[in-house]
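Novice: Questions regarding the structure given below will be posed in turn.
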Amino acid sequence: MTSIAFRRRAQLAVLLGPVSLFLAVFFLGPLAIMIVTSFLSPGLYGGVEWTWYPHNYGRILGFADPMFEDFDPIYIAIFLRSLKIAAMTVLATLLVCYPAAFCISRLSDRWKNFCLFLITLPFFTSLIVRLFVWVLILRPTGLANEVLIGTGIVSRPLDLIYTDGAIILGMVYVFIPFMFMPVYASVEKLDWTLVRASLDLGAGPIRTFLRIILPLTAPGIAGGAVIVFIPALGNFVVPAILGGAKVMMLGNLIEQQFLAARNWPFGSALAMMVMTVMLVLLFIHVVVSGRRGFDPATGH
Amino acid sequence: MRDSIVRLDKAAKAFATPEGQTVTALDAIDLDVSRNEFLTLLGPSGCGKTTLLQAISGFVQLDGGRILIDGEDMTDRPPYRRPVNTVFQNYALFPHMTVGENTGYALEVAGVVKAERTKRVGDALRMVGLEGMEGRKPRQLSGGQQQRVALARAIIARPKLLLLDEPLSALDKNLRQSMQIELKTLQHELGISFIFVTHDQQEALTMSDRVAVLSGGRIQQLDTPRAIYDQPKNSFVATFVGASNLFEGEAGSGQLVTRDGLSISHGRQGATGAATALIRPEQFFIAQADDSTPSLDVDLEQIVFVGSTFELFGRTATGRRVIAEIPAMRRSLVGEIEQTRRARLAYDPAAVHLLPAEAA
Numbered sequence: 000m001t002s003i004a005f006r007r008r009a010q011l012a013v014l015l016g017p018v019s020l021f022l023a024v025f026f027l028g029p030l031a032i033m034i035v036t037s038f039l040s041p042g043l044y045g046g047v048e049w050t051w052y053p054h055n056y057g058r059i060l061g062f063a064d065p066m067f068e069d070f071d072p073i074y075i076a077i078f079l080r081s082l083k084i085a086a087m088t089v090l091a092t093l094l095v096c097y098p099a100a101f102c103i104s105r106l107s108d109r110w111k112n113f114c115l116f117l118i119t120l121p122f123f124t125s126l127i128v129r130l131f132v133w134v135l136i137l138r139p140t141g142l143a144n145e146v147l148i149g150t151g152i153v154s155r156p157l158d159l160i161y162t163d164g165a166i167i168l169g170m171v172y173v174f175i176p177f178m179f180m181p182v183y184a185s186v187e188k189l190d191w192t193l194v195r196a197s198l199d200l201g202a203g204p205i206r207t208f209l210r211i212i213l214p215l216t217a218p219g220i221a222g223g224a225v226i227v228f229i230p231a232l233g234n235f236v237v238p239a240i241l242g243g244a245k246v247m248m249l250g251n252l253i254e255q256q257f258l259a260a261r262n263w264p265f266g267s268a269l270a271m272m273v274m275t276v277m278l279v280l281l282f283i284h285v286v287v288s289g290r291r292g293f294d295p296a297t298g299h
Numbered sequence: 000m001r002d003s004i005v006r007l008d009k010a011a012k013a014f015a016t017p018e019g020q021t022v023t024a025l026d027a028i029d030l031d032v033s034r035n036e037f038l039t040l041l042g043p044s045g046c047g048k049t050t051l052l053q054a055i056s057g058f059v060q061l062d063g064g065r066i067l068i069d070g071e072d073m074t075d076r077p078p079y080r081r082p083v084n085t086v087f088q089n090y091a092l093f094p095h096m097t098v099g100e101n102t103g104y105a106l107e108v109a110g111v112v113k114a115e116r117t118k119r120v121g122d123a124l125r126m127v128g129l130e131g132m133e134g135r136k137p138r139q140l141s142g143g144q145q146q147r148v149a150l151a152r153a154i155i156a157r158p159k160l161l162l163l164d165e166p167l168s169a170l171d172k173n174l175r176q177s178m179q180i181e182l183k184t185l186q187h188e189l190g191i192s193f194i195f196v197t198h199d200q201q202e203a204l205t206m207s208d209r210v211a212v213l214s215g216g217r218i219q220q221l222d223t224p225r226a227i228y229d230q231p232k233n234s235f236v237a238t239f240v241g242a243s244n245l246f247e248g249e250a251g252s253g254q255l256v257t258r259d260g261l262s263i264s265h266g267r268q269g270a271t272g273a274a275t276a277l278i279r280p281e282q283f284f285i286a287q288a289d290d291s292t293p294s295l296d297v298d299l300e301q302i303v304f305v306g307s308t309f310e311l312f313g314r315t316a317t318g319r320r321v322i323a324e325i326p327a328m329r330r331s332l333v334g335e336i337e338q339t340r341r342a343r344l345a346y347d348p349a350a351v352h353l354l355p356a357e358a359a
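Residue numbers (numbering that gives the first Met the number 0), protein chains in the order written: chain W, 0 to 299; chain R, 0 to 359.
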C-alpha cells in the first residue's frame, strides 16, 4: 500500500470514527436491546422476565398466547389504518409540493431563497405549539367552524377535530417541508431544454409531462415519499393532539405500551414490525432507484 | 422564383431586459428559404440569430409579422404542431431513454407502430453512422456520438425543415470539420432544407448554399458564401466574415484617397463620393522595390507562421495597420523581408472591392 493511500485511509478513519462510535453506542445498542426485549415475556408489574416468548409478535400477527387471550385483529387494523394515513399524507404533501416546486424554481434567485426560507420557518417554533393552534382552529367553537357558520355554509358546527381528516391535515402540515425539499431539488435541476426538445419533436404538453418531466423528477418524488412516509407511519404527536382518544395510530399504540401499559416486550415487538415495514420500503426504493441508474443531480 | 419552404414576413420581436430597456432581437425581418436549401444564419452573439431560429420552431412568439412554412401560416401554432425539428446546441438528449428511444421519440409521439418504428430508428442511426447503438444510454456516448443521435432524432420524422442551433460548437476542431462535411452530405441525401445557426464564419462559408449575416436584429446581407466574402455590402459584413483591410476615403475614378493620404487603386471606373475599399489579406503579394504595380509600403511588426501561410502584421508610414497573408511556399521572399522588416505589399486593383460609405 502506498503511503498516500494509507494516509487517506487513516484520515477517513479519524473523520468517521466518532460518528461510527456514536451510532454504535446510541443506535445499534438500543436496537439490539429492543430486538431481545421483543422476544421476552412481560413482567407482571412492568419490566421483563428472561424467558423466550414469541407471542408478542403472535398478538399482532395471529398466534396469540392461548393462555391469556384470543387473537384480536385490532393491531392489524391499527397497522393498516396507520399505513393508510401515512400514504394519504404522502399523497397530499406531494400534491401541494410538486406544483409549488415548479412555481418557485422559476422565480428569480432572490425570491427563490425567500420562499425556501418561508418553508423552513415553521421549524423555528415548537411543533406542539403549532399543533395546538390547529386545535384552536378545528374545535367546534374554533375559527374554521365560526367562519363556516358565519358565512351560512353550515348551520351547526362540523366535527372537524378528532377525525382521520384532522390527523391527515396535521400530518400534511408537519411534513410539507420534508416533501418539498427533495421534490424541489429535482425540479430545480430539471433541464428545460429537454422539455423544449420534447415539444419540438411533436409531443404536446401532457405527453411531455408524462414522458419527460415526470420521469426526470421521479427520484425527488420517491425521495420525498420515503422521507415523509417513514416518520408519518410512526408519528404519535399529531394523532395524540388532533386525533384525540378516538383515532389510534401505531405511534400512539407503541407509546401507550411503553408508558401506560408498561408492556415493554409487546411495545418492542410493535416497534420492530414498524421498522420491518420501513426497511422493506427503503429496500424497494434503493433497488428501484439503483436500477434506474440515473442521478438527476448530474444528469448522468 | 424558387420554391419557398419558409417565409418570414416582417417578423419582429423585442425583449425587455431586467434593467427595463427594450432590446430589438428581430427588426421586421423578411426571409425566404428555398426547398432543399442549406441556409446559415451567421452573426455575433446577441444578433438575433437564435431568436430567429426559435421563432421558426415556435418557442418565441412574434410581436409582429408572420411565419409561413410550406405555404401554411404557422405564426400562432405551438412548437409541437409545426413540421419543423431542431438539433439543439447541447444535444438535449433524454437521459432516461436509450439511444433507440431517443431517436424514435418523434415517431412514438406520432403513434407509429412499434415494428415500423424499430425499422426507421435503425435506418436513421445507420444514416448518422451509429448502427446498432439502440440499446446504449446517451451518457455512454462521446460528444460526437451524442451529436449524431440528436441529428438522427431530429430527422427521423422527416420534417419539412431542420433547424440546427450551433450544433457543432461543443465539438473539438477536427470532429467539427468532419461533421460539417457530413451534415452537408446528409442534407443532400435527405432533400430537406436546413437552417443552421452559427457564429463561426468558417463553418458558415464551408457548408451553406446561402448565408444570412445578422447584426442588431437585421439581416445585413443574404447571399452565397462567395458573394458574402468577395462583395460584402457593408463594413460589418466585411469585418465579421474573414479578415479584412478597410480603407475609408473619397473615391474617384480608379482611385480612392484616404484621409491620411494613402491612395488605393481600384477597378471601378466612374466611382465618386465617400467609400471604403476592401483588400483581403490574401490578396496581397510581396513586390520588388522597383515594381510599378499598385502597392502599400509597410513596416513589419510581426511575421507569424500559421502552417500554410505567413501572416504579416504591418503599419504604413501614417500608422495604419495592414494584415497580409503570404503563402508559405514563398518562404524565400519572407526570409528577405524578415531581414529588412519592410515590405512592399502589392495588390490587383481589379480585386479591390468598394463598399458604399455608411452613415456612422
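Using N, Cα and C, we set each Cβ at its ideal position, and we do this for glycine too.
Please read all numbers here as calculations on a predicted model, not as lab measurements.
Short of 8 Å Cβ to Cβ, which residues in the stretch 224 to 242 of chain R face chain W?
Specialist: Here the close residues number zero.
Novice: To the nearest angstrom, report how far apart W:S19 and W:M274 are at their CA atoms.
Specialist: 21 Å
Novice: Can you tell me which of the three DSSP states R:Q220 falls into?
Specialist: strand
Novice: Can you name the start and end residues of the alpha helix (DSSP H) that W:P218 belongs to?
Specialist: L213 to G233
Novice: W:G203 versus chain R: which residues are under 7 Å apart at the beta carbon?
Specialist: Y79
Novice: Does the beta carbon of W:L200 come closer than 7 Å to any beta carbon on chain R?
Specialist: yes
Novice: Is W:V128 buried or exposed, if buried means 16 or more other CB atoms sit within 10 Å of its CB?
Specialist: exposed
Novice: Apply the 10 Å Cβ neighbour rule to W:P295 and answer buried if 16 or more other Cβ atoms are within range, or exposed otherwise.
Specialist: In this predicted model, W:P295 has a pLDDT of only 43, less than 50, meaning its place in the structure is not dependable; the value taken from the coordinates is given anyway. So W:P295 ends up on the buried side.
Novice: Give me the chain W residues within the contact set of R:T315, using Cβ-Cβ distance strictly less than 9 Å, ordered along the chain.
Specialist: Near R:T315 there are no residues of chain W at all, since even the closest Cβ is about 50 Å away, more than 9 Å.
Novice: For R:R119, which residues of its own chain have a beta-carbon under 8 Å away from its beta-carbon, when the five flanking residues on both sides are left out?
Specialist: G103, L106, V111 and I155
Novice: Can you tell me whether DSSP reads R:A342 as helix, strand or coil?
Specialist: strand
Novice: On the CB-based measure, 16 or more other CB atoms within 10 Å of its CB, does R:K12 come out buried or exposed?
Specialist: buried
Novice: Which whole runs of the beta strand (DSSP E) in the stretch 78 to 148 of chain R are 3 residues long or more, in chain order?
Specialist: You should have 83 to 86.
Novice: Does the Cβ of R:I180 have 16 or more other Cβ atoms within 10 Å, making it buried, or fewer, making it exposed?
Specialist: exposed
Novice: I need the DSSP call for R:N244, collapsed to helix, strand or coil.
Specialist: strand
Novice: Could you name the residues of chain W that R:V108 contacts, counting a contact when the two beta carbons are closer than 7 Å?
Specialist: L200, G201, A202 and R206
Novice: Thinking just about the alpha-carbon of each residue, which of W:K83, W:Q10, W:T50 and W:S37 is nearest to the one in W:R58?
Specialist: If we check each option's Cα against that of W:R58, W:S37 comes out closest.
Novice: With a cut-off of 8 Å on the beta carbons, I'd call R:T275 and R:F239 a contact; round off their distance for me.
Specialist: The Cβ separation is near 15 Å, so there is no contact.
Novice: Does any C-beta atom of chain W lie closer than 7 Å to the C-beta of R:H265?
Specialist: no
Novice: Under 7 Å, Cβ to Cβ, is there at least one residue of chain R near W:G298?
Specialist: Here the model assigns W:G298 a pLDDT of 40, short of 50, so the residue's position is not dependable, and the following value carries that caveat. The C-beta of W:G298 comes closer than 7 Å to at least one C-beta of chain R.
Novice: Given this structure, state the Cα-to-Cα distance separating R:A359 from R:A342, to the nearest angstrom.
Specialist: Confidence in R:A359 is poor, its pLDDT being 45 and thus under 50, which makes the residue's placement unreliable; the coordinate value appears in the next sentence. Spanning the two alpha carbons is a distance of roughly 33 Å.
Novice: Going by the CB atoms, is the gap between R:P280 and R:E324 shorter than 7 Å?
Specialist: One thing to note: R:E324 has its Cβ within 7 Å of the Cβ of R:P280.
Novice: Using a Cβ cut-off of 7 Å (strictly closer), state whether R:A91 contacts chain W.
Specialist: yes
Novice: For chain R, check one thing: does any of its Cβ atoms lie closer than 7 Å to the Cβ of W:L193?
Specialist: Yes, contact with chain R.
Novice: Using C-beta distances below 6 Å, list every residue in its chain close to W:H299, excluding the 5 sequence neighbours before and after it, in chain order.
Specialist: A caution first: W:H299 carries a pLDDT of 39, below 50, which makes its placement in the model unreliable, though a value can still be read off. The answer is none, since no qualifying residue turns up.
Novice: Hey, does W:P156 have any beta-carbon neighbour from chain R nearer than 7 Å?
Specialist: With 7 Å as the cut-off, W:P156 does not count as an interface residue toward chain R.
Novice: So the beta strand (DSSP E) R:G313 belongs to, where does it begin and stop?
Specialist: T308 to R314
Novice: Taking R:F37 as part of the beta strand (DSSP E), name the residues at either end of that continuous run.
Specialist: F37 to L41
Novice: How big is the Cα-Cα spacing for R:K113 and R:E133?
Specialist: About 14 Å.
Novice: Report the start-end ranges of each alpha helix (DSSP H) in the stretch 15 to 87 of chain W that is 4 residues or longer and not cut off at the edges.
Specialist: 28 to 36 and 54 to 60
Novice: In the structure shown, what three-state DSSP assignment does R:E249 receive?
Specialist: Three-state DSSP puts R:E249 in a strand.
Novice: So is R:A345 in contact with chain W if we call contact Cβ pairs under 7 Å?
Specialist: no
Novice: Using only the alpha-carbon positions, how far apart do R:V210 and R:R76 sit?
Specialist: For R:V210 and R:R76, the distance between alpha carbons rounds to 27 Å.
Novice: By a C-beta neighbour count over all protein chains shown, 10 Å radius and 16 as the cutoff for buried, is R:M0 buried or exposed?
Specialist: The predicted model places R:M0 with a pLDDT of 47, which falls under 50 and marks its position as unreliable; any figure quoted below should be read in that light. So R:M0 ends up on the exposed side.
Novice: Looking at the C-beta of W:A196, does it have a partner C-beta in chain C at a distance below 7 Å?
Specialist: Within the model displayed, chain C is absent; protein chains W and R are what it includes.
Novice: What is the rounded straight-line gap between the Cα of R:V212 and the Cα of W:V182?
Specialist: 44 Å
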